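J.: Here you go, one structure.
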Amino acid sequence: MIIVQTVPRLLQECNGCLSEVARKLSCHRDTVRKYIGDNHAKRHAVINGVLMTSARSHEEASS
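Each residue of the sequence shown is one higher than the one before, starting from 1 at the first, in UniProt numbering.
Right, here's the structure in full:
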């Protein structure tokens, strides 16, 4: 069974605790903070507890 979630959804489940979400995803709190506003999973998804992020295009990276 594949479970797809978002960081905002995980924050709801963890009562807004960034540290708890970061522990679950094995990442830094700043990484969690980066995806807080991505409610529609356009830049990330959490698939079976693993944070997957989209790659930035060359144009985005240079601006």
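We treat Cβ as the ideally placed atom computed from N, Cα and C, and that holds for glycine.
Here the structure is a predicted model, which means the values were calculated and not measured.
Could you give the residue range of the alpha helix (DSSP H) that holds T31?
T.: As a position in the sequence shown, residue 31 is number 31, starting the count at 1. That run of the alpha helix (DSSP H) goes R29 to K34.
J.: Is there a Cβ of chain D sitting closer than 7 Å to that of G16, yes or no?
T.: This model lacks chain D altogether, as it is built from one protein chain only.
J.: Between I47 and N39, what straight-line distance do the alpha-carbon atoms span, to the nearest angstrom?
T.: Counting from 1 along the sequence shown, the entry for residue 47 is found at position 47. Counting from 1 along the sequence shown, the entry for residue 39 is found at position 39. Taking the straight line joining both Cα atoms gives about 15 Å.
J.: Q12 bridges to which residues according to DSSP?
T.: Taking the sequence shown and counting its residues from 1, one reaches residue 12 at position 12. DSSP, once it has assigned bridges, lists no residue as partnering Q12.
J.: Answer yes or no: do L51 and L25 have a C-beta to C-beta separation smaller than 7 Å?
T.: Taking the first residue of the sequence shown as 1, we reach residue 51 at position 51. Taking the first residue of the sequence shown as 1, we reach residue 25 at position 25. Cβ atoms of L51 and L25: closer than 7 Å.
J.: Just mark A55 as buried or exposed, buried being the case when its beta carbon has 16 or more other beta carbons within 10 Å.
T.: As a working note, residue 55 is residue 55 in the sequence shown. Exposed, because fewer than 16 other Cβ atoms sit within 10 Å of the Cβ of A55.
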